[in-house]
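Position 25 of the sequence shown, counted from 1, bears residue number 25 in the UniProt record's numbering, the numbering being contiguous throughout.
Even glycine gets a Cβ: it sits at the ideal position worked out from N, Cα and C.
Here's the structure, in structure tokens; my notes come after.
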Amino acid sequence: MNGFIAPYCRVRYHLKEYSGRPPTNPKELFNLRHSMLRSQVERAFGILKNHFKNLSSRPFFPFKTQVRNMEGGTSKAATKRGTPNKRWKPDFDNVLIPVLVEQVRQGLKCDKSFKRAAFGHAASAVNARFNTNFTPENVENHYRTLKVRYMEIKKARDLSGADWDDKNKVIILDPLVAFTYTEAHPGAKPFINKPIENYEGLRIICGEDSATGSYAASLFLDFADKSENEGTDNDNGESDPVDIASDVEGVFYMAMMTT
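Here it is, written out as structure tokens:
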């Protein structure tokens, strides 16, 4: 076949250049180079298969249908519970967050989230202001994003050596420390050494809903306090002392009676 390079038949193929199976003639050397090239080509196709799952097995659809499915994969992946995610702009947050703050004051915030009526009211307010068509589900999904954003801010504020400018709502960090931290936590980069928009609103609507682990050892500390109190009570002599000598004499007496 033109353009197809085949190895030599009836000649050793799987060889090793620097170990116990080296090539001994030009044909074996050619087969060695052929096997190395084949491995690289197979590895490249393996990477492609990982990127395009449609290539991992023989398709059941024509090529045009496969292309259509791959182009529509992005829109399907963006769908959650039947509701497509929509792109939020900073201007939307400037309306959404104050509305959710008002819902908190009206008692519509639950333990971890808001009641559905609050999300519906917020969606209506954003739609009326920007002529959009957000649903309560879209607002709820974006609220989860706001909670993640607030937790990144809170973690950055709690860093050792971090200062807080309450007037301008800025987390102040040394540039080198900030660079190192944002390399490990990219989500915190927009909130360090820059004014944080709507910080007070985020603090009210997100609050301390997420567990921080700061009180993880409180249960064990309670047990330790109780143990110390019990030891103090015993030291004060409130319990009756044990007469060890009489108990020992009783044991010896029972032993003598049984022999």
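DSSP three-state label for Ile196, please. coil
How would you write the range of the beta strand (DSSP E) that Asp165 sits in, first residue to last? 163 to 165
Outcome for Leu15 when other beta-carbon atoms lying within 10 angstroms are tallied against a minimum of 16: buried
Reference Ile205, options Phe191, Gln106, Ala44, Gln40, closest by Cα: Gln106
Quick one: any contact between the segment 182 to 199 and the segment 155 to 167, if contact means 3 or more CB pairs under 8 Å? These segments touch.
Thinking just about the alpha-carbon of each residue, which of Gly20, Val104, Val41 is nearest to the one in Gly201? Proximity to Gly201 across Gly20, Val104, Val41 peaks at Val104, based on C-alpha coordinates.
For Phe114, tell me which candidate among Val126, Val139, Asn94 has the shortest Cα-Cα distance. Val139
Would you give the residue range spanned by the alpha helix (DSSP H) that Val99 belongs to? 90 to 105
Consult DSSP for Ala114 and reduce its assignment to one of helix, strand or coil. The amino acid occupying residue 114 in the given sequence is Phe; Ala does not appear at that position. Collapsing the DSSP output to three states places Phe114 in a strand.
Could you tell me which of Asn127, Leu100, Asn133, Ala128 sits nearest to Ala117, measuring between CA atoms? Leu100
Exposure label - Val41; buried when at least 16 CB within 10 Å: Val41 should be labelled exposed.
Cβ contact check for the segment 25 to 37 and the segment 4 to 11: 3 or more pairs under 8 Å: yes
Just checking my contact of Phe92 with Phe130 at CB under 8 Å: how many whole Å lie between their CB atoms? 6 Å
Is the distance from the Cβ of Ile192 to the Cβ of Ala178 below 8 Å? For Ile192 and Ala178, yes; Cβs fall inside 8 Å.
Expressed to the nearest angstrom, what Euclidean distance is found between the alpha-carbon atoms of Arg43 and Tyr13? Approximately 19 Å, taken between the alpha carbons.
Do you know whose CA, among Asn198, Phe30, Pro22, Lys27, lies nearest Asp166's CA? Asn198
How is the beta strand (DSSP E) around Val11 delimited, first residue to last? From DSSP, Val11 is part of no beta strand (DSSP E); its letter is neither H nor E.
Tell me the DSSP secondary structure of Lys49 in three-state form. helix
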